[in-house]
Amino acid sequence: MLKGRQTWEFENRPVILSSAATAGPFEANGPLADDFDILFEDMWLGEDSFEKAQKVLIEEAAKTAIEKAGIQNDDIQFVFAGDLLNQMTSTSFACRSLCIPYFGLFGACSTSMEGLALAAFVINHSGANYVLTGSTSHNAAIEKQFRYPTEYGAQKPPTTQWTATAAGVGVVAKVGSGPVVTSATIGKVVDMGLSDPFNMGEAMAPAAADTIEMHFQERGVGPDYYDLIATGDLGKIGLPIVKEMLEQKGYSFNDGQLNDCGLMIYRDGQPVLAGGSGSGCSASVTYGHLLNRMKKGEINRMLIVATGALLSPLSYQQNETIPCIAHAVSIEAGGALA
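Sequential numbering from -9 applies to the sequence shown in our numbering.
Given below as structure tokens:
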């Protein structure tokens, strides 16, 4: 099951039994609106703080995914989830109401695939029958913590990415019908000495390239094995860097084969500068749009490579550089498992 140093192959093919995605009003104006289960009309989501609103995003996504799976909360053994806020309070508080044993994860924007990799590992080894996994982010809450509050009106450089107000959740099961998780490559922390918190795409790109290359080597496959390789979230700056780095290693990609969740979630013309970001971006695009495409037969095999910048406001204030990571999970169209 362990292939090489960093890759797991899941011979029992854990199934993504159901998934759900929620999003805010800005994402509702994007091209993927029809792939979100719940769209909220304002940024407050009926709450009195943006942090509480972020809790609602993942809470409602979790409830929807469980309902779509046709099971109850008590049927689920574990939750693997997290977010970007200090101490992951939004996810932890959501799990307070779910009453399911909970592993809190922090991989920054890589959390979505960190959770799916661990969920598939536990299911594959009969450590659970059902695991819930996912991640969330809220533009106003995350901007306030990592950059400047929206009300401050600070000018941002064109390399900046827009934090998505969204959440994505999946129920991973031992048996059932749906797309299957076939492998995962766990990334190493990569730090190329960059320190600009307004250019996450350039900082995270080397980590994504490192994980993708290791995945190809350890699985013995090339880019042509996948219909789609989707990073998240590198945006307009980071994605071309990853492509160039991999091409220098001898890998080539067809048009559109290599894409980024931060470029999928918003339309051209939406003022997102270099694209989308946030731990809810790759989560919502994967558990909403991409799995829907797979279920329609448009994608047979895809590799989701979620990237994370492991900085904090404190590390930035202390002039630290930005360590980054990327986790890759391969998902294939499946059938009924028993």
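Heads up, the beta-carbon is just placed ideally off N, CA and C, and yes, glycines get one too.
Since this is a predicted model, take the numbers as computed values, not measurements.
* Give the DSSP-derived three-state secondary structure of Glu288 in the structure shown. => In this structure, Glu288 counts as coil in the three-state DSSP scheme.
* To do: Could you say which of Gly298, Ala13, Gly210 and Ala156 lies nearest to Asn189 if we only look at CA atoms?
  => Distance check between Asn189 and each of Gly298, Ala13, Gly210 and Ala156 places Gly298 closest, using alpha-carbon atoms only.
* Going by DSSP, name the residue or residues bridged to Ala157. => Paired residue(s): Thr12 and Thr126.
* To do: At 3 residues or longer, and completely inside the region 7 to 91: list those beta strand (DSSP E) runs for me, N to C.
  => If we require 3 residues or more, the beta strand (DSSP E) runs fully inside the region 7 to 91 come out as 68 to 73.
* Asked: Taking DSSP as the reference, what is the three-state secondary structure of Lys134?
  -> Here Lys134 carries a helix assignment [DSSP, helix/strand/coil].
* Output yes or no for whether 8 Å exceeds the beta carbon distance between Leu106 and Ile66. => Note that the C-beta distance between Leu106 and Ile66 is not below 8 Å.
* Leaving out five residues on either side along the sequence, give the residues of the same chain with a beta carbon under 6 Å from the beta carbon of Ala326. => A caution first: Ala326 carries a pLDDT of 45, below 50, which makes its placement in the model unreliable, though a value can still be read off. Only Ser167 meet the Cβ criterion.
* Nearest-angstrom Cα separation, counted from Thr311 out to Ser305 -> Using only the alpha carbons, I get a separation of about 8 Å.
* Residues of its chain near Phe30, where Cβ-Cβ distance is below 6 Å and the 5 sequence neighbours each way are ignored -> So the qualifying residues of the chain are Gly14.
* Do Ala118 and Phe68 have their C-beta atoms closer together than 8 Å? -> In contact: Ala118 and Phe68 (Cβ atoms closer than 8 Å).
* For Phe136 and Val5, the rounded distance between their alpha carbons -> Near 35 Å, if we compare the C-alpha coordinates of Phe136 and Val5.
* Can you tell me whether Ser173 is buried or exposed, with buried defined as 16 or more other CB within 10 angstroms of its CB? -> Ser173 sits buried, since 16 or more C-beta atoms from the chains shown fall within 10 Å of its C-beta.
* If you draw a straight line from the alpha carbon of Ser125 to that of Ser242, how long is it in whole angstroms? -> Between Ser125 and Ser242, the C-alpha separation is close to 31 Å.
* Asked: According to the neighbour-count rule (16 or more other Cβ atoms, all chains shown, within 10 Å of its Cβ), is Arg257 buried or exposed?
  -> Arg257 sits exposed, since fewer than 16 C-beta atoms from the chains shown fall within 10 Å of its C-beta.
* Asked: Tell me which same chain residues have a C-beta within less than 7 Å of the C-beta of Glu37, skipping the five on either side of it?
  -> Result list for Glu37: Ala43 and Val46, in chain order.
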